[in-house]
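First comes the structure, then the notes that go with it.
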Amino acid sequence: MGQILHKMRIFNLLVLLLSGYIASAQEKGKLKFVEETFDFGEVREEADPIIHQFEFTNTGATPIIISNVKASCGCTTPGWSKEPVLPGKKGFVKAQYNPMNRPGAFKKSLTITSNGENPREILYIQGKVIPKVKTVEEELRAKSGALRMKNKTVNMGRVTTQKAVVRQIDVYNDSDSAFSFTGKVLAPEFINLSFEPTTLQPKTKGKININYDPNFQNNLGFQNHNVKFFTDESDEQEKELNVMATITEYFAPLSQEEKQQAPQLNIPNRISDIGKISKNTVKETQFTLTNGGKNNLNIRKVMSNCNCVIVQLQDYDVKPGESTTLTAEFDGQGRRGNQLKTITIYSNDPVAPTQTVSIKAVVEN
5 MGQILHKMRI FNLLVLLLSG YIASAQEKGK LKFVEETFDF GEVREEADPI IHQFEFTNTG
65 ATPIIISNVK ASCGCTTPGW SKEPVLPGKK GFVKAQYNPM NRPGAFKKSL TITSNGENPR
125 EILYIQGKVI PKVKTVEEEL RAKSGALRMK NKTVNMGRVT TQKAVVRQID VYNDSDSAFS
185 FTGKVLAPEF INLSFEPTTL QPKTKGKINI NYDPNFQNNL GFQNHNVKFF TDESDEQEKE
245 LNVMATITEY FAPLSQEEKQ QAPQLNIPNR ISDIGKISKN TVKETQFTLT NGGKNNLNIR
305 KVMSNCNCVI VQLQDYDVKP GESTTLTAEF DGQGRRGNQL KTITIYSNDP VAPTQTVSIK
365 AVVEN
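Numbering (my numbering), first residue to last: 5 to 369.
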């Protein structure tokens, strides 16, 4: 009997030891950070890269090995403990952030991959970069004679035919002598310039007001205009600007009943894949434009984004329920590889006045 009890005690002890071994084998290391988000506060844009080190303790039962730390932005450089961190010991994850050319608020993440209980952990750094105060030369880089501007291209942006728009640009007299704007301007009649002040004193700023009226012939779509103006400087009196705009037709808001009566441009197939062609081939494709509305549809303008595509429209006026054919010829000359060209269609459909179709091709040598 005693021998049986002795064997049972040994068996129970083995069960307890095995259970403990299994439990310990299932336990893993655990990262416990002092903080999971760090705020740098305000930092200057021109400052050196800023660094913060997140400290953690391994509160688990086995060593922690960090295999990778990935930052959410190339502006952040990570670092971390490369050696295994034993239970009860400390390690770190480091973040270095470069504020140069990144004014404004920021919040970036660091994703940590490890063999720990939670294989992916995320930390955050945040703050606000105070913009560097730029010199006149840095702010207004384009120079013509004594006149400085930000650049010689002014983008009026997306405008509608509802009304004229005005943009204002800064200018600067970078000389030691005053000069005046003569008032002579060479520009399309729908672009007017005015100058404040008309005489610009040495080392002072002024403004040029650009008044752009989008209501001119053949105006829809992207537009680029050359504008010249003059000063009374002894040299380089002639100055140039490129004025750009993308114009769409303005339609007044419609009631639901008016929308139901309006013309409607429907294009059932918007992408034409003409497949593989040689570089000396011209391939034709067609699109069907249908008027699904209850009033006459007028196609205002059709234009391609590439001179390699020639477009021709069968009819510009389409009655309700009828269709017209848009023919496009793609020329592979000078092209190579995958091609995607778009054709923009402007119409009097008040709901969707600007629509596009596309041509796909592969040009082979």
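No residue lacks a Cβ here, since even glycine has one placed at the ideal position from N, Cα and C.
- Residue pairing by DSSP places Val247 opposite Val158, His229 in a beta bridge.
- Beyond the five residues adjoining it in sequence on each side, Ser276 comes within less than 8 Å, by CB distance, of Thr289, Gln290, Phe291, Ala332, Val361, Ser362, Ile363, Lys364 in the same chain, given in chain order.
- The three-state reading of DSSP puts Gln264 in helix, counting H, G and I together.
- Linking Tyr176 to Pro206 through their CA atoms gives a straight-line distance of about 8 Å.
- When the Cα atoms are used, Ala109 and Ile134 turn out to be separated by approximately 9 Å.
- Cβ contact annotation for Lys323 (same chain, cutoff 7 Å, sequence separation greater than five): Asn295, Asn300, in chain order.
- With contacts defined as CB atoms closer than 8 Å, Gly95 and Phe60 qualify as a contacting pair.
- Taken in chain order, the complete beta strand (DSSP E) segments of 3 residues or longer contained in the region 141-186 are 146-148, 151-153, 157-164, 169-177.
- For Leu127, the enclosing beta strand (DSSP E) starts and ends at 124-134.
- In the three-state scheme derived from DSSP, where H, G and I count as helix and E and B as strand, Gln221 is classed as coil.
- Taking each of Gln337, Asp353, Pro354, Leu330 in turn and checking the Cα distance to Thr346, the smallest one comes out for Leu330.
- Taking the Cα of Gln221 as reference, the smallest distance to any Cα among Lys132, Lys147, Thr165 is reached at Thr165.
- At a Cβ-Cβ threshold of 8 Å, Asn302 and Asp321 count as neighbours.
- Just so you know, the alpha carbons of Glu141 and Lys156 end up roughly 15 Å apart.
- Between the alpha carbons of Thr328 and Gln337 lies a distance of about 28 Å.
- Closest by C-alpha distance to Glu125, out of Pro88, Leu224, Thr41, Thr186, is Thr41.
- In summary, Ile55 is exposed, with fewer than 16 beta-carbon neighbours lying within 10 Å of its beta-carbon over all protein chains present.
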